[in-house]
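**Q** Straight run, no breaks: the sequence shown in UniProt numbering ends on number 383.
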Amino acid sequence: MKAYNEILLYNQWVQRMAKDWMKKNLITQENQTAINHAYADLPYQPNWFIWIGLFIFTLIGIGASTVFFLPLIDTAFAETLLGPLYGVAMYFFMNYLIKERKLHFSAIDNAFLYAILLSFIPLIIKLADTVGDIPWLVALAYLPLLLFITYRYGEPLITLGTSLNGLYIVAILAMETPWGKLLLPFIVMLFAGTVWYFVRSFMLDDRSFYWRIALNWLHVAALTVVYAAGNYYVVREGNAALNSLPDPSPEVALSGLFWLLTFLIPGLYLYAAIRWKSLQFLILGSLFLIVSLATFYHYYPFMPGEWATALLGLAGIGAAIFGMRYLKNARNGFIYEPEETSEWATLAGTIIAAEVGSSASDTPQGPHFGGGDFGGGGSGEGY
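(1) With a threshold of 16 other CB atoms inside 10 Å of the CB of Ala-360, please say whether the residue is buried or exposed.
(2) Helix, strand or coil: how does DSSP classify Leu-183 here?
(3) Given that a residue counts as buried once 16 or more other Cβ atoms are within 10 Å of its Cβ, and exposed if not, what is Ala-107?
(4) Taking Cβ positions, are Leu-9 and Pro-46 nearer each other than 9 angstroms?
(5) Terminal residues of the continuous alpha helix (DSSP H) containing Glu-251?
(6) What did DSSP end up calling Leu-147 once you bin it into helix, strand or coil?
(7) At the level of alpha carbons, what is the spacing between Leu-26 and Lys-19?
(8) To the nearest whole angstrom, what separates the beta carbons of Val-188 and Leu-167, a pair I think is in contact under 8 angstroms?
(9) Quick check: what's the CA-CA separation for Gly-154 versus Trp-211?
(10) Closer than 6 angstroms by C-beta to Leu-282: which residues in its own chain qualify, once you throw out the five before and the five after it? Chain order, please.
(11) Grab the span of the alpha helix (DSSP H) containing Gln-45 for me, first residue to last.
(12) According to DSSP, simplified to helix, strand and coil, what is Asp-362?
(13) Please report how far the alpha carbon of Tyr-271 lies from the alpha carbon of Phe-77, in whole angstroms.
(14) Using the Cβ count rule (16 or more neighbours within 10 Å means buried), how would you classify Gln-29?
(15) Cα separation between Pro-246 and Glu-237?
(16) Residues in its own chain within less than 7 angstroms of Tyr-151 by CB, not counting five upstream and five downstream?
(17) For Leu-103, which residues does DSSP report across the bridge?
(18) How would you label Tyr-326, buried or exposed, when you count the other beta carbons within 10 angstroms and need 16 or more for buried?
(19) By Cβ distance, which residues of its chain are closer than 8 angstroms to Ala-115, with the 5 residues on each side in sequence left out?
(20) Looking at the structure shown, is Leu-9 part of a helix, part of a strand, or coil, going by DSSP?
(21) Per DSSP, what kind of secondary structure is Ser-119 in: helix, strand or coil?
(22) Within 10 angstroms of the Cβ of Gly-83, are there 16 or more other Cβ atoms? Answer buried if so, exposed if not.
(23) Decide if Ile-35 is buried, meaning its Cβ has at least 16 other Cβ atoms within 10 Å, or exposed.
(24) Going along the chain, which residues of its own chain have a beta-carbon closer than 8 angstroms to the beta-carbon of Gly-267, five neighbours each way excluded?
(25) Could you tell me the distance, in whole angstroms, from the CA atom of Ala-294 to the CA atom of Leu-81?
(26) Under 9 angstroms, do residue 392 and Phe-263 count as touching if we go by C-beta distance?
(27) Between which residues of its own chain and Val-235 is the CB-CB distance below 7 angstroms, once the five residues before and five after are set aside?
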């Protein structure tokens with residue numbers, strides 16, 4: 001069912017780890033060369049400039065190839081079936097390219113995936129219209145295709161779209177009842193929190209390696225939705241928009257609870273950052289805390305805007321300087337040490353040491369993530 005060659009992805013992961021550890025002087029140049037030689041077979045990964053060019057030209061090619069279907073435009077089935085038939089043809093051609101050209105999110109396959117999903121829209125809308133004018137039915141009919149593409153390819157943007165599609169279905173169904181509309185923020189928080197829980201649990205499993213990029217995106221998105229659903233500004237202004245209420249937006253029920261959530265959720269994220277040594281939680285918690293302060297200032301402007309901006313900037317600079325000084329030595333699993341590399345080196349503590357002595361003939365079992373937080377900047381309890 002998986003479209004991409006996992007051995008190629010594993011080799012790419014090992015080489016990135018080796019490069020990162022070489023920069024940190026944890027292995028020698030000879031070690032890195034040996035690792036790269038042992039794991040030399042890699043997927044095609046163009047740089048960003050070439051990636052954008054390939055993506056654009058692939059879309060142009062997909063659009064231009066529709067000229068072959070012009071003789072069928074006036075037929076009875078063209079409106080609903082021509083798109084899906086073209087999508088099926090693109091599906092098989094894309095899988096051929098993935099296998100032969102060793103693609104993995106290399107722009108060409110991304111463009112084909114998006115085009116395939118778009119090609120099925122007319123058929124799905126037609127099927128939904130036959131049942132009746134039900135807003136969530138199109139999203140529900142689209143869900144199986146999204147789930148299939150997400151599982152088979154693990155494309156991060158499509159994974160986010162699948163999650164948002166599910167959230168849309170839940171939200172629309174909730175708003176069909178008075179109680180559901182009243183409890184909508186909590187329903188959205190529950191949905192996003194459930195997604196986050198299962199995503200994080202799966203991240204700790206070795207089997208998640210194939211979908212690691214998509215899971216990381218989904219992890220951030222779920223945490224963002226949890227905060228947004230409890231943010232006072234989002235709830236108040238969203239309530240006014242959904243009920244077509246005039247400006248200024250009226251006060252909402254349980255306003256005190258939403259003010260509490262506005263500041264409590266960033267605090268919980270910061271606590272999770274320390275508890276799980278997660279850079280991701282640390283960044284999100286800090287960012288959302290700033291958003292919470294901005295939310296408070298929006299409704300209670302206690303000083304002129306330029307003064308508030310300057311004060312917030314000074315506070316941020318002061319907090320950064322204090323944090324850098326405080327973390328000169330490792331504390332609670334954190335240390336301030338500027339580096340150019342990404343978080344690859346923190347994903348699996350001793351993988352490079354194991355790879356140096358391994359043979360290219362060994363069957364890769366996938367990196368072990370069980371002891372840490374893949375979505376964060378450090379390990380878990382076993383840091």
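Just so it is clear, CB atoms sit at the ideal spot from N, CA and C, and this is done for glycine as well.
**A** This is what the structure holds:
(1) The pLDDT assigned to Ala-360 is 43, lower than 50, so where the model puts this residue is not dependable; a value taken from the coordinates is nonetheless given after this. Classification of Ala-360: exposed, given that the 10 Å Cβ count is below 16.
(2) The answer is coil: DSSP assigns Leu-183 none of H, G, I, E or B.
(3) Ala-107 is buried by the Cβ-count criterion.
(4) Contact annotation: Leu-9 and Pro-46 have beta-carbon atoms that are not nearer than 9 angstroms.
(5) That residue, Glu-251, is in no alpha helix (DSSP H); it is neither H nor E in DSSP.
(6) The answer is helix: DSSP assigns Leu-147 an H, G or I state.
(7) Rounded to the nearest angstrom, the two C-alpha atoms are 10 angstroms apart.
(8) 7 angstroms
(9) 5 angstroms
(10) Ala-273
(11) Secondary structure note for Gln-45: it is in no alpha helix (DSSP H), with a DSSP letter that is neither H nor E.
(12) Because Asp-362 sits at a pLDDT of 47, beneath the cut-off of 50, its placement in the model cannot be relied upon, and the following sentence gives the value as read from the coordinates. Asp-362 falls in the coil class under three-state DSSP.
(13) When the Cα atoms are used, Tyr-271 and Phe-77 turn out to be separated by approximately 57 angstroms.
(14) exposed
(15) 10 angstroms
(16) Met-1
(17) Tyr-44
(18) exposed
(19) Leu-59, Ile-62, Gly-87, Met-90
(20) Here Leu-9 sits in helix by DSSP.
(21) helix
(22) buried
(23) buried
(24) Gly-285, Leu-289
(25) 50 angstroms
(26) The question about residue 392 has no answer here: the residues shown for the chain are numbered 1 through 383.
(27) Contacts found: Pro-185, Val-252, Phe-258.
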